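*Asks:* Residue numbers (the working numbering), protein chains in the order written: chain A, 1 to 149; chain B, 1001 to 1149. Just so it is clear, CB atoms sit at the ideal spot from N, CA and C, and this is done for glycine as well. No experiment lies behind these values; they were computed from the predicted model shown. Provided herewith is a single structure, encoded as structure tokens, for subsequent inquiry.
Number of protein chains: 2
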Amino acid sequence: MTTSDPARDSDASGQAELIDVLVQATFMTVAVLSGVAADNDLSLTQLRVLAILRDRRVRMSALAAYLGLDRSTMSGLVERAEKRGLLARAPDPSDGRAVEVFLTGSGAELAGALYIRIEQSLSPATGRLAPAERRRLAALLRQMAGPEG
Amino acid sequence: MTTSDPARDSDASGQAELIDVLVQATFMTVAVLSGVAADNDLSLTQLRVLAILRDRRVRMSALAAYLGLDRSTMSGLVERAEKRGLLARAPDPSDGRAVEVFLTGSGAELAGALYIRIEQSLSPATGRLAPAERRRLAALLRQMAGPEG
DNA sequence: TATTGTTATACTCTATAACTATA
DNA sequence: TATAGTTATAGAGTATAACAATA
């Protein structure tokens, strides 16, 4: 989304300029995350599932809602990951319709390793900032994308 | 990639904390972009193709390299977009092997509309920042993800 | 009646392998 | 020989529609 629109030159509010570089940083990050996932024969979505389940046990429907996917899509994703021994399903005792998903030992191990690889793979980017700048950037990103949104 | 790792509490360098919120902001942005794309019956990759071609005419191989895709994948993406009348292919006069891709009038019109929708759809997030904060965030993101990386 | 999850189906996205044409 | 692009193939990701079981 890089443009050379002349209207951008007098962008006093910084909206358009921020959007350009935000989109650029987004695809840089997606590329890094996808690379780490691919190195482990995972899709980006599978990586996200492992990350979500790292410290939680959740219902199929909650997983689908959080990822913005249809429940039928979740069934396929979970089935393939289950076949690989990364996670498992169990009926929810409190609701006969619901199914809970959780990591196996092997899945938890992989999730931990993935997190370390992500930190390493992003460090060339984050390392371009001084510690104080990193904290400032984190604060601004949290304000922009934070809990409220 | 949100965690409650106690090691994070004493993260004086801000590395891990930045990574968490960067990944969160990344998926927020991807969700917004994917939503805009889906509203126009496009995939996120197709939207990126239109954005790249907005002010350029590029070779198939350059497009594939920029997006990190195989050339055969580009052939399919471009063929489907061409079938919809959004872009076209033409042989490169300077190299008999090469093919250049460029937007049609209809494709350029859509690309412009998409950009406006993206600005609108991201504004709830960017609007949480004051103009000076937006400029500061843009500068930090540029430094982190900028031209060098 | 509404919700949860699965299955069947169809299409897009993606990479690998094999191929043609050009450099 | 190497590069540019396409085609064939196969598998993963995705949504829609229809369904069964439970609430």
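Which residue comes first and which comes last in the beta strand (DSSP E) that contains Ala90 of chain A?
*Replies:* Translated into positions along the first sequence, residue 90 of chain A becomes position 90. Residues Leu87 to Pro91.
*Asks:* Within the 7 Å Cβ cut-off, does Gln143 of chain A reach chain B?
*Replies:* Working through the first sequence from its first residue, we reach residue 143 of chain A at position 143. So yes, Gln143 of chain A belongs to the interface.
*Asks:* For Ile1116 of chain B, go through chain A and note every residue whose CB falls closer than 9 Å to its CB, in chain order.
*Replies:* What you label residue 1116 of chain B is simply residue 116 of the second sequence in a count that begins at 1. Those within 9 Å of Ile1116 of chain B in chain A number zero; the least Cβ separation is about 11 Å.
*Asks:* Work out the CA separation of Leu86 of chain A and Phe978 of chain B for me, nearest whole Å.
*Replies:* Because chain B in this structure spans residues 1001 to 1149, residue 978 of chain B falls outside the shown range and cannot be described.
*Asks:* Out of B:Met1060, B:Ala1139 and B:Glu1133, point me to the one whose CA is closest to Ala1090 of chain B's CA.
*Replies:* One-based indexing of the second sequence puts residue 1090 of chain B at position 90. When each option's Cα is compared against that of Ala1090 of chain B, the closest is B:Met1060.
*Asks:* How many angstroms separate the CA atom of Ala1075 of chain B from the CA atom of Asp95 of chain A?
*Replies:* Here residue 1075 of chain B refers to the residue found at position 75 of the second sequence. Here residue 95 of chain A refers to the residue found at position 95 of the first sequence. Note on residue identity: the sequence assigns Ser, not Ala, to residue 1075 of chain B. Distance between the alpha carbons of Ser1075 of chain B and Asp95 of chain A is about 48 Å.
*Asks:* Determine which residues share a DSSP beta bridge with Leu1103 of chain B and list them.
*Replies:* Counting from one through the second sequence, the residue named residue 1103 of chain B turns up at place 103. DSSP, once it has assigned bridges, lists B:Leu1087 as partnering Leu1103 of chain B.
*Asks:* Buried or exposed for Leu137 of chain A, going by 16 or more other Cβ atoms inside 10 Å?
*Replies:* In the first sequence, the residue the question calls residue 137 of chain A occupies position 137. Buried is the call here.
*Asks:* Closer than 6 Å by C-beta to Gln1024 of chain B: which residues in its own chain qualify, once you throw out the five before and the five after it? Chain order, please.
*Replies:* The sequence position of residue 1024 of chain B within the second sequence is 24, counting from 1. Taken in chain order, the list of residues that qualify is empty.
*Asks:* Give me the subset of the segment 1069-1098 of chain B whose CB atoms are less than 7 Å from a CB atom of chain A, sorted by chain position.
*Replies:* none
*Asks:* Here's a check: name, in chain order, each residue in its chain whose Cβ is nearer than 6 Å to the Cβ of Gly1014 of chain B, leaving out the five neighbours to either side.
*Replies:* Position 14 of the second sequence holds residue 1014 of chain B. So the list is empty, once near-sequence residues are dropped.
*Asks:* For Leu110 of chain A, which residues in the same chain have their Cβ closer than 8 Å to its Cβ, ignoring the five residues on either side in sequence?
*Replies:* As a position in the first sequence, residue 110 of chain A is number 110, starting the count at 1. The residues are Asn40, Leu50 and Leu86.
*Asks:* I want to see whether chain A comes within less than 7 Å of Leu1042 of chain B, judged by CB atoms only; does it?
*Replies:* Taking the first residue of the second sequence as 1, we reach residue 1042 of chain B at position 42. Judged by the 7 Å Cβ criterion, Leu1042 of chain B is not in contact with chain A.
*Asks:* Can you pull the chain B neighbours of Gln120 of chain A, defined as C-beta to C-beta under 8 Å?
*Replies:* Indexing the first sequence from 1 puts residue 120 of chain A at position 120. Those do not exist, as Gln120 of chain A stays about 10 Å from chain B at its closest Cβ, beyond 8 Å.
*Asks:* Nearest CA to the CA of Arg56 of chain A: which residue from A:Ser72, A:Arg117, A:Gly107 and A:Arg71?
*Replies:* The sequence position of residue 56 of chain A within the first sequence is 56, counting from 1. Of the listed residues, the one whose Cα sits closest to Arg56 of chain A is A:Gly107.
*Asks:* Is there a Cβ of chain B sitting closer than 7 Å to that of Val21 of chain A, yes or no?
*Replies:* Within the first sequence, the letter at position 21 stands for residue 21 of chain A. Judged by the 7 Å Cβ criterion, Val21 of chain A is in contact with chain B.
*Asks:* Which residues of chain B have a Cβ atom closer than 7 Å to the Cβ of Gln24 of chain A, listed in chain order?
*Replies:* On the first sequence, residue 24 of chain A is found 24 positions in, with the first residue counted as 1. From the beta-carbon of Gln24 of chain A, the residues of chain B found nearer than 7 Å are Ala1145.
*Asks:* For the alpha helix (DSSP H) containing Gly35 of chain A, name the first residue and the last one.
*Replies:* Numbered from its first residue, the first sequence carries residue 35 of chain A at position 35. Looking at the DSSP string, the run of the alpha helix (DSSP H) that includes Gly35 of chain A is Gln15 to Asp39.
*Asks:* Quick check: the Cα distance between Ser34 of chain A and Asp1092 of chain B, rounded to an integer number of angstroms?
*Replies:* Taking the first residue of the first sequence as 1, we reach residue 34 of chain A at position 34. Taking the first residue of the second sequence as 1, we reach residue 1092 of chain B at position 92. One C-alpha to the other measures close to 32 Å.
*Asks:* What residues in its chain sit with their C-beta under 8 Å from that of Ala1064 of chain B, if we drop five residues either side in the sequence?
*Replies:* If you number the second sequence from 1, residue 1064 of chain B lands on position 64. Taken in chain order, the residues that qualify are Asp1070, Arg1071, Thr1073 and Met1074.
*Asks:* Sorted by chain position, which residues of the same chain lie with C-beta nearer than 8 Å to Leu129 of chain A's C-beta, five sequence neighbours on each side aside?
*Replies:* Residue 129 of chain A sits at position 129 when you count from the first residue of the first sequence. Exclusion of the five residues before and after Leu129 of chain A leaves Leu137 as the residues of its chain whose Cβ lies within less than 8 Å of its Cβ.
*Asks:* In chain A, which residues lie less than 9 Å from Gln990 of chain B when you measure between Cβ atoms?
*Replies:* Residue numbering for chain B in the displayed model covers 1001 to 1149; residue 990 of chain B lies beyond these limits and cannot be assessed.
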